[in-house]
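Top to bottom, those sequences are chains X and C. Numbering-wise (our numbering), the first sequence opens with residue 1 and increments by one. Numbering-wise (our numbering), the second sequence opens with residue 143 and increments by one. Note that the Cβ used here is the ideal one computed from N, Cα and C, for glycine as well. Only one structure is covered here, and it is reproduced in the block below.
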Amino acid sequence: MLNISGIQEGYVLDHIKAGMSLRIYHDLKLDKLTKGTVAIIMNAVSNKMGTKDIIKVECPVDAIDLDILGYIDHNITVNIIKDDKIIEKRALTLPKEIRNVIKCKNPRCITSIEQELDQVFFLSDPDTETYRCKYCETAYNN
Amino acid sequence: MDKKPRHLMNPLDFSVEELESLMDLAKDIEANREKYAHACAGKKLATLFYEPSTRTRLSFEAAMLNLGGSVLGFASEDSSSAAKGESVSDTLSVVSCYADICAIRHPKEGAPLVASQHASIPVINAGDGGHQHPTQTLTDLLTIRSLDGKIENLVIGLCGDLKFGRTVHSLINALIRYPNIRFVLISPPELRIPDYIREDVLIKNDIPFEEVIKLEEAMPSLDILYMTRVQKERFFNEEDYLRMKGYYILDKKKMTLAKDNMLVLHPLPRVNEISVEVDEDPRAAYFRQAQYGVYIRMALILTLLDIKV
């Protein structure tokens, strides 16, 4: 059994679908975290899921924008840690807007030619979890 | 600090009440042209047309000239700084220094929205790819209201290219806000209305509609027939275009099936979908529609510039 020590302040992202942790690492921009330690545990044994990934991040609790997690997978458990204790389990919801995470695939969209333009998507239908490009309104399909 | 400018990106940017005021103003302009002849004296409209559109550009320019203002701009991407690789955002930062209001047409969808984010003057979307063409929708609404007297209790037939025709999509979105509107969607199977309009707009809002293939079948029930062109530039290959463009041609014979007071509308330009013999029919309203296009653009310029006469 691999041992990773506890954290003083930060996050434990649990119940990540096995194999998804690296994507989340990039989407949360953890590679750009200037102060903090990140531990990625892959293929951990899970009673609920069989196998799962876990990400532990030692950093100030306001350092990461977690909204995007709701878009990636709202089944992820977010534990917020302070003084070595879980102070909050945050429920994930679909973010109203996501920025620079997914790219518009419509070749007729202005984002295909205008440099420096953020890729912005808005939640157009929470029931079907549909996101549309802010500029051309084309629905994003995975 | 200056007030943030108001833009027009989508016909739904205006509430039904605001649209009513805009159309009231357009009707007043129609009745009192002289009163508005100098309303925009000293003001400049920039027409930034990254793709050719004689009609829309001239309509905007005529609108500004009718108001006593002046116009500047370009009529194709080749003659603009975009040919040198300038971004839309940079162009708008600069044009904001030259003009008081601008109308932008661009082949890329969402370009006018980018423009509005970088402009300190009101920006009007004059058409962006297959996405939106709000001033056409405002024109259509004004034409219906002026010639039919109301926008309610109507059976509206939309015919032709319902898949790529942005005017149709915008018009449906705008019309569903009015009471008791029913649609008959007339198109070949290849050019049916997209799912995101059928499901997300019509079905979701409980709007009655039917989809038919033959124009003749639909004619007797219609109050308005909105014809559209099968646009060559929306197709990726010529073969598909040639196969479909002749599907739906309105002629004198089909007009005999229609109600006496039905109106035929068309965003223009037409290719061959309305036979010229229909032009003399009093129900043919498409040239009057073009005139209403100037009035509504005049009203829009005044409204966005916050000029009261």
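- Rounded to whole angstroms, the separation of the alpha carbons of residue 251 of chain C and residue 270 of chain C is 5 Å.
- Closest option to residue 239 of chain C, judged by alpha-carbon separation, among C/187, C/338 and C/192: C/187.
- One Cα belongs to residue 303 of chain C, the other to residue 424 of chain C, and the distance between them is close to 25 Å.
- Under the three-state reduction of DSSP output, residue 365 of chain C falls in the coil class, being neither helix nor strand.
- Here residue 413 of chain C is exposed, its C-beta having fewer than 16 other C-beta atoms within 10 Å.
- The segment 256 to 276 of chain C makes contact with the segment 436 to 447 of chain C: 3 or more CB pairs, one atom from each, lie closer than 8 Å.
- Proximity of chain C to residue 111 of chain X at the Cβ level (cut-off 8 Å) is accounted for by 252, in chain order.
- For the segment 242 to 268 of chain C, the residues whose beta carbon sits under 8 Å from a beta carbon of chain X are, in order, 248, 249, 250, 251, 252, 253, 255 and 256.
- Distances from the CA of residue 282 of chain C to each of C/449, C/430, C/179 and C/333 were compared; the closest alpha carbon is that of C/430.
- Within the segment 219 to 254 of chain C, the complete alpha helix (DSSP H) segments at least 4 residues long are 230 to 240, listed from N- to C-terminus.
- Taken in chain order, the members of the segment 273 to 286 of chain C whose beta-carbon sits within less than 7 Å of a beta-carbon on chain X are 273.
- In this structure, residue 446 of chain C places its C-beta atom within 8 Å of the C-beta atom of residue 243 of chain C.
- Under the DSSP assignment, residue 53 of chain X falls in the beta strand (DSSP E) whose first and last residues are 50 to 58.
- In the structure shown, residue 344 of chain C falls within a helical segment according to DSSP collapsed to helix, strand and coil.
- Beta-bridge annotation (DSSP): residue 372 of chain C is not paired with any residue.
- Residue environment: residue 247 of chain C is assigned as buried (16 or more neighbouring CB atoms within 10 Å of its CB, all protein chains considered).
- At least 8 Å separates the beta-carbon of residue 92 of chain X from that of residue 126 of chain X.
- Using a Cβ-Cβ cut-off of 7 Å, residue 117 of chain X is close to 256 of chain C, given in chain order.
- Looking from the CA of residue 288 of chain C, the closest CA among C/162, C/148, C/450 and C/374 belongs to C/162.
- Using a Cβ-Cβ distance cut-off of 8 Å, the segment 349 to 366 of chain C and the segment 391 to 408 of chain C are in contact, since at least three pairs of beta carbons, one from each stretch, lie closer than that value.
- Counting C-beta pairs with one atom in each stretch, the segment 312 to 321 of chain C and the segment 292 to 299 of chain C have three or more that are closer than 8 Å, which means they touch.
- Taking each of X/7, X/106 and X/11 in turn and checking the Cα distance to residue 78 of chain X, the smallest one comes out for X/11.
- For residue 315 of chain C, the enclosing alpha helix (DSSP H) covers residues 308 to 317.
- Non-local C-beta neighbours of residue 18 of chain X in its own chain, meaning closer than 6 Å and more than five positions away in sequence, comprise 43, 51, 52 and 53, ordered along the chain.
- In the DSSP assignment, residue 61 of chain X forms no beta bridge with any residue.
- For residue 230 of chain C, the CB contacts under 6 Å within the same chain, skipping 5 residues up- and downstream, are 253, 256 and 257 in chain order.
- Beyond the five residues adjoining it in sequence on each side, residue 171 of chain C comes within less than 7 Å, by CB distance, of 178, 437, 440 and 441 in the same chain, given in chain order.
- Within chain X, no residue has its CB atom less than 9 Å from the CB of residue 307 of chain C, the nearest being about 15 Å off.
- When the five nearest sequence neighbours on each side are left out, the beta carbons in the same chain lying within less than 8 Å of the beta carbon of residue 118 of chain X are those of 99 and 100, in order along the chain.
- Under DSSP, residue 109 of chain X takes part in a beta bridge, and its partners are C/251.
- By the neighbour-count definition (other C-beta atoms within 10 Å, threshold 16), residue 45 of chain X is an exposed residue.
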